[in-house]
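Numbering of the sequence shown is given in this note's numbering, commencing with residue -1 and proceeding in unit increments. Built from N, CA and C at the ideal position, the CB exists for glycine as well.
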Amino acid sequence: MNHFQTILTQVRMLLSSHQPSQVQTLLDNMLQEELLSREYHCALLHEPDAEALARKISLTLLQKGDPDLALLGWAWSGLQCPVVEKDPSYQDHGGSGQCAAMDLGPLEGGYLELLNSNADPFQLYHLYDQMDLVGEEETELCSEPDMDTINCEQFSRMLCDIEGDEETREAYANIAELDQYVFQDSQFEGLSKDIFIEHIGLEDIISESVEMLEEAGQKSQKRPFPDELPGDLKHMKLAEPLNVPMVTGTFLVGPASDSSALPCPSPSALFNKETTSEQTQLEETVLTSVPASSSLLSCLSLPAGPIHIIPTLPLPQGLWQISGAGADVSSILIYQGKMPQASQAPPSSSPVIHSLPKSPDRPGSTSPFAPSAADLPNMPEPALTSRANVTENETSPTQCPATGEVSSKLPKWPESVEQFCRALRDKYQAEPAGPEGILVEVDLMRVRLERSSSKSQERELVTLDWAEQQPTRRGLAEVLLAAADRRQPRETQVIAVLGKAGQGKSHWARAVSRTWARGQLPQYDFVFYLPCHCLDHSGDATRLQDLLFSLGPQPLPVDNEVFGHILRRPDRVLLILDAFEELEAQDSLLHSTCGPTSAEPRSVRGLLAGLLQRKLLRGCTLLLTARSRGRLAPSLSKADALFEMASFSAKQAETYVLRYFEQLGATHHQERALVLLQGQPLLHSHSHSPTVCRAVCQLSEALLELGEEAELPSTLTGLYVGLLSPAVRDSPPGALEALARLAWEQGRRHHSTLQESQLPSAEVKAWAVAKGLVQHIPGAPETELAFSSFLLQCFLGALWLALSSEIKDKELPQYLALTPRKKKPYDNWLDGVPRFLVGLVFQPRTCCLGALARSVAATVVNRKQKVLTRYLKRLQPGLLQSGRLLELLHCAHEALDTGLWQHVVQGLPTHLSFLGTRLMPPDTHILASTLETAGRDFSLDLRSTGIDPSGLRSLVGLSCVTCFRASLSDTVGLWESLQQHGEAKLLQAVEEKFTIEPFKAKSMKDVEDLGNLVQIQRTKSSSEDTAGELPAIRDLKKLEFALGPVLGPQAFPKLVRILEAFSSLQHLDLDSLSENKIGDEGVAQLAATFPRLKALETLNLSQNSITDVGACKLAEALPSLAASLLRLSLYNNCIGDVGAESLAHVLPDMVSLRVLDVQYNKFTAAGAQQLTAGLRKCPHVETLAMWTPTIPFGVQEHLQQLDSRIILR
């Protein structure tokens, strides 16, 4: 098994670092060597799992022969592969030798922790340098060259610490050993050395390197392990400065003692690169002899501050010095520059030292032996910066006059990446024309999720009260950084922005891409806007780069270099998936199979699943926009942060109207348009939606241009009839009916787009585009169109249902979605259809359907009207769920039918509860209109509705509303607003109507709000002009406290401080399914309030971790409740015999007590006997529940026989 692991490791590296075509070459060569049968060869070619393929190849090599035979196939195909190094103990063909296997699991920690591991560094180096190239995605274990900065003083201080501290010197000596162990290997013919080699002895290493060059090609020797090296190498130091500077692939180390006036050698003269064959792919450097009297340091004048350390050769940087390393340590020069051309090669006599092979397309080696920042002492966080905006003079040293111009300004990206980024910005910068260009800032609210029920794992949006809603104070920046504090490195961040249809989510998403194009999102190098309705739904295989580059404002050519740059820095990529609800089967996206690689083609659905599962492009930011409709898809509910787009306020709607006519150049119509809007309260309330607001402006524009006395319609149906009726007059025959059918059919498929080929003719398409009914989608093919708005699609779908003879009459009621169906429930994706359908069928035909259709089949419409009338009048409004009741009210209003309206109003129940149902401005308006015309009194429950302050005021100010419940914080805010505006009469009426009976505190906010209400009463009572209690406090009779074991002990003291204000309190329930655990301290605090709770009848202290101490405190205070307390429950606490005895002694004094529950406590038979004895003195007590597992059952039966009032179980 150990040898199998060794072979498997090598095969994994081979498979992960080569393309599929090269893997096929390997399998073909294995077939030629007769290591595979043809059947097995075909099976391996079709193996989809890379890990399974690696294991099958390894088993084949282990069973059938020497692994080197198979690896020869890589040489035949021109590939580079590390030689498989066998353990000496290995025997071919079933030998008994064992090979020490190394478990190449993920290494954690830094550079020093690696010294204590048993991992083979040679294998680790190649594994980490190649394994992350799978699918062209990289996990960079070291930062990019232009990002790492180190302060010179701190680095010098570190080197001083090495010399001054024995323990530190020991640690870095171990690092030097590890360095020699890894890089001094005969397989690579003398690998180059880093700066830490000087602690081992540079002169010896140089001579050894030259000898290795002479012996290269003769034989391969196994490198020694660190414990096989001479013992004195551990602490060996240079006795005197080097006479020959050592130039390696990363550092140049030279003497610092002498500073003669010799000319500074050109950096290009110090380095050279010989042409290497395609098979070796090794970079070479030259060891140049320089006289000992010469000093490179005399040429340097280095500025203070941070410097860049670049671990690779190709980037031009310059020649630097790090001084102050200590008296016995040579100064260190770091040179990075362009390699000279082959024509500048030195004579062949110069010794050549090979550097490490580098992986292709990588800025530097990702070997785990590169020290992390945590391993460098005294290295603060600011030493590592990201693309600091500094000039070349701040990052490059001053040039020596003899050297000439060597370094140039570092390019930020390759030229192809720069060009692609510029092209992307240019396309996103285009401003939208027409009404799309009108921007009115709206808030984004933070939202949270909760489970829909205790037994369900599905989560739904919580409807927050108005005071709970938290708008983003910093706008877009706060949205994009919403989950940054919890984000782990290389972890994808998913942010979802939700909103109702027509709220402007797509408009906002496109504005985000424009913001980036203007340079206002510097944290992202690339932003890709992907409208989901443009994605290919055919299931054809595609690649991630094709998905990113083909969509957006205009398709861009796919560039592998650009895509490779994106994969290297996914944390600087923002993907915007707009209209996420358009995707089919969203629920299964998190469960779809998807591998971590992005190279292999797959369906668009598979790519999206990989992104959402955080497997593809790991570390990017995903910004989703979606319509909020009840239960969220799992892919949205798992988002790191959730926001909801707020609707227009009344002031914002009016601002939009003004800007609309300003953009048209018709400012003289602005005031008149506002008057028209304000004259129709229902349309004014519907204008909270930007889509409706724009439709109102378009119709107002048409009416005002006529110059006559204009008036907007009173219903949404009339609004869209007014918009479409002029377009129908010059339409091709049957055009509107065909478009309406497409709207309905596409809506049933959850699509808002359609293909040009689905339209009857090009003439119909030209007419629909010219009239603004459909529009081209930016970035999509010319053949793909979309309805101009979701509400327009709903209206056209309802028009098809009203006119079509294909829709059966008996099926029509299901499309109203007012009654739930257990079998084949209707998916109301086009949720605007019910209102439009009732309006089109019931409103007068001449001004409704007659204005839209040239020939209306009167018999068909009449028959549908009768079916809907019969269905609606059979409904009982009092039995409908609150959301469906609101929809029924809207339908009745759209119908403009007096008989139907009266039927709905008369069927309303006296108590209307909208608990947990979102009340938008149109809902508030229609509810107020209904209550006013009912002619009787109502009570309302408006908790957890998110109702805005103006809507709350309009409802609770109605004379027919005699009682209401609402959020405490929202109600207090309304009182303060009325007081500030001097509306004392309305304020007094609202105070009288408000009630909190019964009140259940389920969160810390509930306790705080209750405290604020008590504080308002105390403030009113202390004033001279008012007196008496608030009715809400005075009439509270039942109070429940259920905060659980964490918040319960914290919040209970706050509740105790205000309990005395509730003089009418009769039921105090401190029991919770999750246990409040107020403990003995909480009981003591509660007992102090008993003298002021004169009306308390029920006290439930179950499951609160009360012991004997608390029971004794309770017994001392219970006589204060002797005249009122009827029921006392101490179920499931920790009361022992002492507590039971104290309760038994107080029982005779509790003359009003009827029920006592002390089950599941800790008292024994002695305590039970005490309670039984006390019970005999209390003839008024009816029940004593006393069963507990600590009492023998025989004793309990005996006590029950003595007194039948004792209940067991």
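Ranked by Cα distance from Gly1077, the options Ser19, Phe1050, Cys792 and Thr1087 are led by Phe1050.
Just so you know, the alpha carbons of Gly1080 and Arg963 end up roughly 30 Å apart. Boundaries for Lys1175: no beta strand (DSSP E) harbours it, and the DSSP string shows neither H nor E there. Here Met643 is buried. Its C-beta has 16 or more other C-beta atoms within 10 Å. If the five residues before and after Val1144 are omitted, its C-beta is found closer than 6 Å to the C-beta atoms of Ala1113 and Leu1116, all from its own chain and listed in chain order.
In the three-state reduction of the DSSP assignment, Arg444 falls in the strand class. Within the DSSP secondary-structure output, Met643 pairs in a beta bridge with Leu442. Boundaries of the beta strand (DSSP E) around Pro529: Phe524 to Pro529. Beta-bridge analysis with DSSP links Arg449 to Arg457. Taking a contact as a CB-CB distance under 8 Å, the pair Thr689 and Ser787 counts as one, their CB atoms being some 5 Å apart. With contacts defined as CB atoms closer than 8 Å, Lys769 and Ala725 qualify as a contacting pair. For Ala693, the uninterrupted alpha helix (DSSP H) segment begins and ends at Pro688 to Leu704.
For the set Gln1194, Asp569, Phe992 and Ala1085, the Cα lying nearest the Cα of Leu1099 is the one of Ala1085. For Asp1067, there is no enclosing alpha helix (DSSP H); the residue is part of the beta strand (DSSP E) that begins and ends at His1065 to Asp1067. Around the beta-carbon of Asn1102, 16 or more other beta-carbon atoms lie within 10 Å, marking it buried. The three-state secondary structure of Ile1133, taken from DSSP, is coil. Nearest neighbour of Glu1139 by Cα position, chosen from Arg516, Gln874 and Val1156, turns out to be Val1156. If you look at Ala1059, you'll find it isn't in any beta strand (DSSP E); DSSP assigns it neither H nor E. Between Val1044 and the set Glu1073, Val1054 and Glu1038, the nearest pair of CA atoms involves Glu1073. Cβ-Cβ separation between Leu622 and Ala637: approximately 7 Å, consistent with a contact (criterion under 8 Å). Closest in C-alpha terms to Leu581, from the list Pro433, Thr751 and Tyr1158, comes Thr751.
For Gln491, the enclosing beta strand (DSSP E) covers residues Gln491 to Gly497. For Glu743, the enclosing alpha helix (DSSP H) starts and ends at Ala733 to Arg746. Under the three-state reduction of DSSP output, Lys649 falls in the helix class. Buried is the label assigned to His1, since at least 16 other Cβ atoms lie within 10 Å of its Cβ.
In terms of Cα proximity to Ile1031, the closest of Leu1011, Leu1041, Lys1018 and Ala1040 is Leu1011.
The beta-carbon distance between Ala1171 and Ser1150, rounded to whole angstroms, is 21 Å. This is too long to meet the 8 Å contact definition. With a cutoff of 8 Å on beta-carbon distance, Phe992 and Pro1047 are scored as not near each other. In the structure shown, Gln753 adopts extended strand secondary structure according to DSSP, grouped into three states.
Where Lys1036 is concerned, the enclosing beta strand (DSSP E) starts and stops at Lys1036 to Phe1039. Take the alpha-carbon of Arg692 and the one of Gln678: they are about 15 Å apart. Judged by DSSP secondary structure, Val854 falls outside any alpha helix (DSSP H); it is assigned neither H nor E. A direct Cα-to-Cα measurement between Asp1007 and Ser1019 gives close to 19 Å.
In the three-state reduction of the DSSP assignment, Leu437 falls in the coil class, being assigned neither a helical nor a strand state. Annotation: Gln773 to Leu740 spans about 14 Å, alpha carbon to alpha carbon. Between Phe1161 and the set Arg446, Cys1132 and Glu1180, the nearest pair of CA atoms involves Cys1132.
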